[in-house]
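Q:
Numbering (this note's numbering), first residue to last: 138 to 548.
1. Is there contact between the segment 311-323 and the segment 204-223, where contact requires at least three CB pairs shorter than 8 Å?
2. Which full runs of the alpha helix (DSSP H) of 4+ residues lie inside the segment 238-292, going along the chain?
3. Quick one: give me the first and last residue of the alpha helix (DSSP H) that residue 378 is part of.
4. By DSSP, does residue 513 sit in helix, in strand, or in coil?
5. Three or more beta-carbon pairs under 8 Å between the segment 503-517 and the segment 416-426, yes or no?
6. How would you label residue 501, buried or exposed, when you count the other beta carbons within 10 angstroms and need 16 or more for buried?
7. Measuring straight from C-alpha to C-alpha, what distance separates residue 548 and residue 215?
8. Taking three-plus beta-carbon pairs below 8 Å as touching, is the segment 262-269 in contact with the segment 235-249?
9. Does the Cβ of residue 234 have 16 or more other Cβ atoms within 10 Å, making it buried, or fewer, making it exposed?
10. Measure the Cβ-Cβ separation of residue 306 and residue 160 and say whether it is below 8 Å.
11. Excluding the five sequence neighbours on either side, which residues of its own chain have a C-beta within less than 8 Å of the C-beta of residue 464, listed in chain order?
12. Alpha carbon to alpha carbon, what distance is there between residue 414 and residue 293?
13. Can you tell me whether residue 507 is helix, strand or coil according to DSSP?
14. Are residue 503 and residue 162 closer than 8 Å when you measure CB to CB?
15. Using 10 angstroms around the beta-carbon of residue 204, count the other beta-carbons present and answer buried if the total reaches 16, otherwise exposed.
16. State yes or no: is the C-beta of residue 240 within less than 8 Å of the C-beta of residue 492?
17. Tell whether a beta-carbon distance below 8 Å holds between residue 530 and residue 427.
18. Are residue 575 and residue 280 touching if we call contact CB-CB under 8 Å?
19. Label residue 424 either buried or exposed according to how many other C-beta atoms from any shown protein chain fall within 10 Å of its C-beta, with 16 as the threshold for buried.
20. Among 256, 357, 225 and 171, which has the Cα closest to the Cα of residue 237?
21. Closest by CA to residue 537, which one among 401, 466 and 178?
22. Between which residues of its own chain and residue 434 is the CB-CB distance below 6 Å, once the five residues before and five after are set aside?
23. So what's residue 138 in DSSP terms, helix, strand or just coil?
24. Looking at the unbroken alpha helix (DSSP H) that takes in residue 385, where does it start and where does it end?
25. Decide if the segment 138-148 is in contact with the segment 350-359; the criterion is three or more beta carbon pairs, one per stretch, under 8 Å apart.
26. To the nearest angstrom, report how far apart residue 470 and residue 304 are at their CA atoms.
27. For the alpha helix (DSSP H) containing residue 190, name the first residue and the last one.
28. Would you call the segment 145-154 in contact with the segment 446-460, where contact means no fewer than 3 C-beta pairs closer than 8 Å?
29. Rounding to the nearest angstrom, what Cα-Cα distance links residue 442 and residue 232 in this structure?
30. Under a Cβ-count criterion, where at least 16 other Cβ atoms within 10 Å of its own Cβ denotes burial, should residue 511 be classed as buried or exposed?
31. Look at the alpha carbon of residue 277 and the alpha carbon of residue 397, and state the distance between them as a whole number of angstroms.
32. Once the 5 residues before and after residue 534 are set aside, which same chain residues still bring their CB inside 7 Å of it?
33. Compute the Euclidean distance between the alpha carbons of residue 527 and residue 454, then round it to the nearest angstrom.
34. Look at the alpha carbon of residue 193 and the alpha carbon of residue 385, and state the distance between them as a whole number of angstroms.
As structure tokens, then:
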């Protein structure tokens, strides 16, 4: 890959995740403070990510893979996204806000696959080249959080009370406009599918890989993947409101520690994987979810603030050791015939079904432990997902016993 394309793709990844990190991290706090949303209403808003993940394969499989260049669709989706972001910025009621965020996520989730497609199309050796490009996405997410906390101070106690978190949507909208226009300068990525061929919905959604569930161990992994996404949803939906509520300074900036951790543990994953194998690696990931929520339950923003910081920092283990290891395991079990279908099925199961259930459960639990005066029993709100993660850990430890050798990941 030449230097020009490397720079272009790195910029694309930076903007893609800068946009997402600009508003999604602080969304829970914004919904509660600006729109007075209940836990159930917040759950509905966060669930738009899951609906977007479920609908995304249709946009990619029916349109991007068959008719138009990926970089052009990426540009159009982000230009429309900029308009929707502005509408979210001006919304003053949850009933007005919801249709815009739903429309936005239906358009945004396919762009996650499109930026990968544009990148892979330029690479001769994706295993070596992709991680260097993809890391700029994590840097974009980190940059957004640092701007919100340390430059604009939108997430301070005073800023939150003054409703300044709505500016995150304006920042994301401007970045979306920039990426929309920038996308038309990216390397050409023509469609690879035949426009006249017969469309198989089962192939688009990954249902062709369902036969892998005949393998008992893969079935256990598949079910565990759905279940572990229930506690995962608690983090996305409640972490920022929790940190803000208990009085942590610069919560958005400090949550970027999780992304820094993600980069570091991604580099450590091959070593851990080769030394301890898939089962122990993924069990460590599951256990990390239980531990981080226990730290949130018993920590505070004063003398025990280190517990909250450690809980944030565990994000790298939580995400990399479970999700990245799971993708490697799925790839090894699927074989050449079902690789794409199997990855699509796991994505649908986790970010689609699993997190859809998780957001609803998180909303219900949050409302249950909210007092009449508006205070939250954060200890119980975090102990419950910690317990769920611990149960999934035990189920996987007991019932999963795959002895097959799995190829080590390369980073």
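Positions of the beta carbon are idealized from the N, C-alpha and C atoms, including for glycine. None of the values given here were measured: they were computed from a predicted structure.
A: Short version:
1. yes
2. 263-283
3. 353-382
4. strand
5. no
6. exposed
7. Low confidence applies to residue 548: its pLDDT is 48, below 50, so where it sits in the model is not reliable, and the reading given next is rough at best. Looking at the two C-alpha atoms, the distance is approximately 29 Å.
8. no
9. buried
10. yes
11. 480 and 483
12. 43 Å
13. strand
14. no
15. exposed
16. no
17. yes
18. Because residue 575 is not part of the residues shown, which for the chain are 138 to 548, the question remains open.
19. buried
20. 225
21. 466
22. 516, 519 and 520
23. coil
24. Unbroken run through residue 385: none, as it is neither H nor E.
25. no
26. 45 Å
27. 176-196
28. no
29. 36 Å
30. exposed
31. 11 Å
32. 420
33. 15 Å
34. 36 Å
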